[in-house]
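Undergrad:
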Amino acid sequence: MNHYDYDQDKTKSERRERGREKKKERMDSGKKAKLWAQIIVDRAEEAKRLEDVRIAEEKAKGSRRGTPSHS
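UniProt numbering applies: residue 1 is where the sequence shown begins, and numbers increase by one.
1) In three-state DSSP terms, what is Q38?
2) Mapping the DSSP letters down to three states, classify K10 as helix, strand or coil.
3) At the level of alpha carbons, what is the spacing between E51 and G30?
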């Protein structure tokens, strides 16, 4: 968007209101970006945790596989 959004045929109060709307849009877009970033981080942490659990389970199974059942 550019300064042409503020039409000259509008009254000063209409232009001010449009300016407030644009400012609110800019502020909200930053909040959305922060929320998406947090969601991405949360999902990455959950995936890492699940991967660690899976690796630990495979190691536990692998250690049992290598030992003989009778002594």
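We put the beta carbon where it would ideally sit given N, CA and C, even for glycine.
TA: Well, looking at it:
1) helix
2) coil
3) 32 Å
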